[in-house]
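Using this note's numbering, you'd call the opening residue of the sequence shown number 1318 and step up by one each time.
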Amino acid sequence: MPEPTTPQKPKTRVLTGDTPTGRLHLGHFVGSIERRLAMQHQHECFFLLANMHAFTTRWDKPDEIRADTIEIVKDWLSCGIDPSLAHVVLQTEVPAIAELSWFFAMLIPFNRVMSNPTIKTEIDAKGLGDSYPFGFPLYSVGQCADILAFRPAFVPVGEDQVPHIEMCRFVAGKFNQVYCAVNNRTPEDDHVKAGGVFPIPKAKVGRVARLPGIDGTHKMSKSLGNAIFLSDPPKEVQKKINRIFTGRQSATEPGDVNNALMQFVDAFIPQERAAELKDRYARGDNLGDGHIKQELAEAINALLEPMRARRAEYDKPGRTGDDTVIDIIRRGTARANEVAEETLWMAKEAMRLGFFRRGLTTA
Ligand code: ATP
Ligand code: MG
């Protein structure tokens, strides 16, 4: 008689991603990627290349978006994201996401989208003025679909994304109430048990919720010209660190331990040494910014060195790296479509749209 097999508990799912508007930077690493590296061993992880969202600010730059899509995957791989553990997913090849976005757009009041603080900050920081396309604020609705298409338990993100996750949680709850007869007093963890299609996902903010950019004002952002990229060479890292402005005049002037430089110290220098530096900095104990910047650049370069080595494997001449990357994306997206199509079908049935099922294949 064959041994009875114990049915395996399905892994909880995790969804997160990045927009291909540039290469990945240190803010991504401490805000989200570190956590992804741990999570890929514990959960079924889907890492989304939000290339559709890149068009909301760069609709006229399709070549850049394509190149950045490939570069971001190389960044992920160089950080240690393992495609045999986690799925790399291309947003434009998961049609269920666009379809769910349309339905979810009915569940979110227009004013709620427009008063979303992240949207407001981005319009301001990215200088979009009042001529941004309709699609720009729509991306926040699309992001609800990016997430909910995978019915994940967790979404690892930086602090700037928390208002988006709140909106996503709102949409999940509203959908379950409107179409699945879930009671509005049902605790969020019980929505699926009560018949809801969507679990209410939880944001998991990283070790550093918001790393400032080298401008010391905005958060580090790929599209704001204030980022240290994971693929920057060592000298570039030192040059950029040197540009962090503190306004401090001398090594004996007491410094502000919450300024941008010290936030970098906290993020990249081991805790005990960081505490010592901060203590001396606060007292103006003969500790110049130049000294700190050098130590900081060394610590960051030590962190980036293994990434550079892994990345070099994909950047070998002959573009074979790109083919490898596209193959990784194809495989991850195929699995993503299995889950997202299932979700869409569940949502359609709940919405009385379950007329017949369709097939979807990835070549
Ligand atoms: P863009 O300028 O195009 O908006 P971005 O640098 O903000 O790019 P995103 O792709 O929007 O990067 O964000 C990807 C993930 O990284 C999100 O979870 C976001 O919260 C996180 N993240 C981005 N910047 C930072 C930062 N400076 N500190 C912490 N987390 C960050
Ligand atoms: Mg962003």
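Here a beta-carbon is modelled for each residue, glycine too, at the ideal position from N, C-alpha and C. Computed from a prediction, not measured in an experiment: that's the story for all the values here.
Going by DSSP, T1438 is part of the alpha helix (DSSP H) stretching over P1434 to A1442. For the pair G1344 and L1528, the CB atoms are nearer than the 8 Å cut-off. Of all alpha-carbon atoms in H1481, D1392, Q1408 and V1331, the one lying nearest the alpha-carbon of R1647 is that of Q1408.
With contacts defined as CB atoms closer than 8 Å, L1417 and A1462 qualify as a contacting pair.
A1498 counts as exposed, since fewer than 16 other C-beta atoms from the protein chains shown sit within 10 angstroms of its C-beta. For P1529, there is no enclosing beta strand (DSSP E), as DSSP marks it with neither H nor E.
Pairing E1659 with F1421, the inter-Cα distance amounts to about 17 Å. With respect to the C-alpha of S1401, the residue from K1491, I1482, F1363 and A1466 having the closest C-alpha is F1363.
Per the coordinates, the alpha-carbon of V1411 lies some 27 Å from the alpha-carbon of K1510. Summarising the contact set, residues whose Cβ lies nearer than 5 Å to any heavy atom of the ligand ATP are, in chain order, D1335, T1336, T1338, G1344, H1345, G1348, S1349, V1474, G1475, D1477, Q1478, R1527, L1528, K1536, M1537, S1538, K1539 and S1540. With respect to the C-alpha of F1346, the residue from G1446, N1428, P1434 and F1546 having the closest C-alpha is F1546.
Across the set A1629, P1587 and R1560, the C-alpha of R1560 shows the shortest separation from the C-alpha of D1606. In the three-state DSSP reduction, P1473 falls in the strand class (E or B). Within the region 1523-1578, the complete alpha helix (DSSP H) segments at least 4 residues long are 1551-1559, listed from N- to C-terminus.
The C-alpha of R1486 lies about 12 Å from the C-alpha of Q1478. A straight line joining the alpha-carbon of V1458 with that of M1663 spans about 19 Å. Around the CB of M1579, 16 or more other CB atoms lie within 10 Å, so the residue is classed as buried. When the five nearest sequence neighbours on each side are left out, the beta carbons in the same chain lying within less than 6 Å of the beta carbon of E1361 are those of K1328 and R1330, in order along the chain.
The three-state secondary structure of F1421, taken from DSSP, is helix. Residue V1488 holds the alpha-carbon nearest to the alpha-carbon of R1468 among H1608, V1488, V1574 and L1604. DSSP places K1610 within a helical segment (H, G or I) once states are collapsed to three. The continuous alpha helix (DSSP H) containing E1593 extends over residues Q1588 to R1600. Inclusion of L1621 and V1522 in the CB contact set at 8 Å is not warranted, their separation being larger than that value. With contacts defined by Cβ atoms closer than 8 Å, G1530 and G1572 do not form a contacting pair.
At least 8 Å separates the beta-carbon of K1539 from that of G1348. Of all C-beta pairs linking the region 1385-1401 to the region 1428-1445, fewer than three are shorter than 8 Å, placing the two stretches out of contact.
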